[in-house]
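S.K.: Below: one structure in structure tokens.
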Amino acid sequence: MKRKISKLLAATALMGALGISVVACGNNDSTSKTKQSSVKKTAKDKASNTKNATRKSQIKLSQTEAINKFDKKYSDKKLKEIDLKLDGNKYLYEITGFDKDKEYEMTINATSGKEVKSSSEKLDLDERLQKGLDLDKVISRDQASEIAEKEVKNSTAKEWTLKMDQDKAIWDVTVESGSSKHEVEIDAISKKVIKSEKDD
């Protein structure tokens, strides 16, 4: 009788141990799957960040240097807009300025610093009263990037526009978060986010 009970206890103990190890194995599988997916996600994020860092490293010409090039060609002009955007895989500055008669535009390669093109056209009557950017009062591109990236979590600033919009200086920052793009509009003086929306 004692032998039967001890065999029964041993069998029960063995089944219990097997059950625990099966559960443990099951948990390990789900844990390893979660780890794998987070590793994949982290790798994807790192690749995206590396790509953005590589792109940004192409910006050899500072905004000030780009403006100086514009001023050298078109002296004593008020600045209306400064764009830094991707064209294919290269960054270009597009600077727009004006005087009482004409509007002037210049495109500069942000890597080589070479002028790509320039043009001028006559101002419309309603444009003659517009105000120019006061660069001493506006926040920098880096500050605008920080604000935009804080607004859209896990994002990286990719393109920038500093412009006058109805006599107000505005930073328009395009940020990338994963596969989606967002436009963040910031008051370039008060640093307040005016608008943040996802691009379709």
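In mature numbering (1 follows the signal peptide of the UniProt record, and there is no 0), the protein residues as written are -26 to -1, 1 to 174.
Each residue gets a CB set at the ideal place from its N, CA and C atoms; glycine is no exception.
#1: For residue 131, which option in 154, 97 and 94 has the closest C-alpha, if you only look at C-alpha atoms?
#2: Hey, how far is the Cα of residue 39 from the Cα of residue 100?
#3: Alpha carbon to alpha carbon, how far is residue 95 from residue 173? Give it in angstroms, no decimals.
#4: According to DSSP, is residue 143 helix, strand or coil?
#5: Cα separation between residue 61 and residue 82?
#6: Enumerate, from N- to C-terminal direction, the unbroken beta strand (DSSP E) stretches of 3 or more residues contained entirely within the stretch 70 to 96.
#7: In the DSSP assignment, find the alpha helix (DSSP H) that holds residue 124 and state where it starts and stops.
#8: Which residue's Cα is closest to the Cα of residue 112: 152, 156, 41 and 142?
#9: By the DSSP assignment, the alpha helix (DSSP H) with residue 41 in it spans what residues?
#10: Which word fits residue 37, buried or exposed, when buried means at least 16 other C-beta atoms lie within 10 angstroms of its C-beta?
#11: Please tell me whether residue 90 and residue 109 are closer than 8 Å, where the distance is taken between their beta carbons.
#12: Which of the three DSSP states, helix, strand or coil, is assigned to residue 66?
#13: Based on Cα-Cα distance, which residue from 122, 136, 80 and 117 lies nearest to residue 171?
#14: In the DSSP assignment, find the beta strand (DSSP E) that holds residue 101 and state where it starts and stops.
#15: So, at 7 Å on beta carbons, what are the nonlocal neighbours of residue 102 in its own chain, with the 5 sequence-adjacent residues on each side left out?
#16: Where do the ends of the beta strand (DSSP E) carrying residue 170 lie?
#17: Please state whether DSSP places residue 31 in a helix, a strand or coil.
M.R.: This is what the structure holds:
#1: 154
#2: Whole-angstrom Cα-Cα distance: 31 Å.
#3: 31 Å
#4: Here DSSP, grouped into helix, strand and coil, assigns residue 143 to strand.
#5: 11 Å
#6: 76 to 83 and 89 to 96
#7: 115 to 125
#8: 142
#9: Taken as a continuous stretch (DSSP letters only), the alpha helix (DSSP H) holding residue 41 covers 37 to 47.
#10: buried
#11: no
#12: Three-state DSSP puts residue 66 in a strand.
#13: 122
#14: Run containing residue 101: none; DSSP gives neither H nor E here.
#15: 74
#16: Its beta strand (DSSP E) spans residues 167 to 172.
#17: helix
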